[in-house]
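Basically our numbering = 1-based index in the first sequence + 12.
Even glycine gets a Cβ: it sits at the ideal position worked out from N, Cα and C.
The structure appears below as structure tokens.
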Amino acid sequence: MSSYYLVKREELNAVRMEVDTFNLAHTVESAQPLTFIGDYTNDTVRYPAGMDYIKVRHTGTVEHGELSASCFDRDLAKRELRRRFRLDDNMQYIYKKINTDRHLDASIKRYMGMRLTLNEPWETTVCFIISQFNNVKRIRSIVKDLMNRYGSDIVDENGNTVGKSFPKSTDLIGATKKELMECGTGFRAKYIMHAADYCTNNISLDKLNPHDYYGLKETLMEIDGVGEKVADCIILMGYGNLNAFPIDVHIKRAMEKLYFEGKKKRLKDINEIADRMWGSYKGYAQQYLFHNSRAGDLNDA
DNA sequence: ACCCAGGCGGGCG
DNA sequence: CGCCCGCATGGG
């Protein structure tokens, strides 16, 4: 039975790491890794990583606990945890940097241990193209449909299918507009088609320099459907560059309310004040503000 | 019936 | 430039 092999697989390939200042539920609920499937009652999450399927579990307290991951490749699991959940971030230091006022202080206290995640550039690009003018629940649904239709089967060592991979750009090149519409992509179908073509034939997302904020932004915005905000999301969550400060409707409203007495401001002004307050850590500030401003929003599951 | 959702591209003044 | 509009779709 497949369940037997899954148990065995987990026993054989489980990797454990100690982790401080970590909250898995907040990290997943903040809806940045849109391919993640969370099971909060067991404090676990599972998601595809390349042609592997990872299941992560957090035990212990937020202050000090343990992360365990199981997948086919033990070394991959170890690298995955560190990289994907940014375990090398010194959260106490980062909190010191972004805790500039009572708003950030409250958000940090509320979501203590929430991490940014670092995801694959291509997956991040597709997910955030889909995110535009959309809500999180539907974004997740669309991403899931795309994976089911265009992803490859992920199989364990016994040939049992355990999930679907995230489709590569080459997997999506053959997609027709009709098919993409059936996945619920709507008017974004043409963007996905262009992105698949452009990222296969014109640019190589994996070769871009994560540290070159402006260079990244310029290149990413060559893709149809990628503007300022989506580019910043990709730079932050696909390249791990904390200089990015994506300004969506939630952040815009929150920033105007908190720092401009509720007055309407241009994106440029909001970005400037973010830079003054949080400098090269503003990506983390954004994440805490974003999640806080979405609190009580039950639109996503 | 309306409104909104992690915006973007295109067109116009 | 800055502003404004349409855009697919599903859930409040």
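Would you identify the three-state DSSP class for residue i, choosing helix, strand or coil?
| i | result |
| --- | --- |
| E30 | strand |
| P133 | helix |
| A187 | coil |
| K20 | Any reading at K20 must be qualified, since the residue scores a pLDDT of 47, below 50, and its modelled position is unreliable; no value is offered. |
| D64 | strand |
| V238 | coil |
| G295 | helix |
| Y59 | strand |
| G227 | helix |
| I215 | coil |
| G198 | helix |
| Q108 | With the sequence shown as reference, residue 108 is identified as Lys, and Gln is not the correct amino acid for it. If DSSP states are grouped into helix, strand and coil, K108 belongs with the helices. |
| T173 | strand |
| D100 | coil |
| Y162 | helix |
| A43 | coil |
| I259 | coil |
| Y123 | coil |
| D287 | helix |
| R306 | coil |
| R152 | helix |
| Y251 | coil |
| F322 | The structure shown does not extend to residue 322, since the chain spans only 13 to 313, so no value can be given for it. |
| F272 | coil |
| Y300 | helix |
| L192 | helix |
| F84 | coil |
| D113 | coil |
| R91 | helix |
Below 8 Å on the Cβ atoms is my contact criterion, and I expect residue i with residue j to pass it. Report the Cβ-Cβ distance as a whole number of Å.
| i | j | result |
| --- | --- | --- |
| E135 | F178 | 5 Å |
| L36 | D55 | 6 Å |
| D287 | K294 | 6 Å |
| R150 | G196 | 7 Å |
| V4 | V40 | Only positions 13 to 313 of the chain appear in the structure, and residue 4 is not among them; the question remains open. |
| K180 | N160 | Actually they are not in contact, since the Cβ atoms of K180 and N160 sit about 15 Å apart, beyond 8 Å. |
| A266 | L301 | 5 Å |
| I166 | M29 | Not quite, the Cβ-Cβ distance comes to about 23 Å (not below 8 Å), so this is no contact. |
| I246 | P133 | 7 Å |
| G250 | A207 | Incorrect: roughly 13 Å between the Cβ atoms, too far for contact. |
On the criterion of 16 or more Cβ atoms from any shown chain inside 10 Å, does residue i qualify as buried, or is it exposed?
| i | result |
| --- | --- |
| Q104 | exposed |
| M193 | exposed |
| A118 | exposed |
| N255 | buried |
| A201 | buried |
| Y162 | buried |
| H115 | buried |
| T33 | buried |
| K274 | The question names Lys, but residue 274 is Gly in the sequence shown. Exposed, by the Cβ-count rule. |
| S42 | buried |
| N131 | buried |
Going by DSSP, what residues sit across from residue i in a beta bridge?
| i | result |
| --- | --- |
| H70 | L79 |
| G50 | V57 |
| V167 | T173 |
Problem set entry | Three-pair Cβ contact test at 8 Å for the region 109-125 versus the region 89-100 | Fewer than three beta-carbon pairs drawn from the region 109-125 and the region 89-100 are found closer than 8 Å, and the two stretches are therefore not classed as touching.
Exercise. Within the chosen definition, does the region 238-249 reach the region 258-268 through at least 3 CB pairs nearer than 8 Å?
Worked result: Because the criterion of three Cβ pairs below 8 Å is met, the region 238-249 and the region 258-268 touch.
For this session: Report yes or no: do three or more beta-carbon pairs, one from the region 132-148 and one from the region 66-79, lie closer than 8 Å?
Result: Output reads no: the region 66-79 does not touch the region 132-148.
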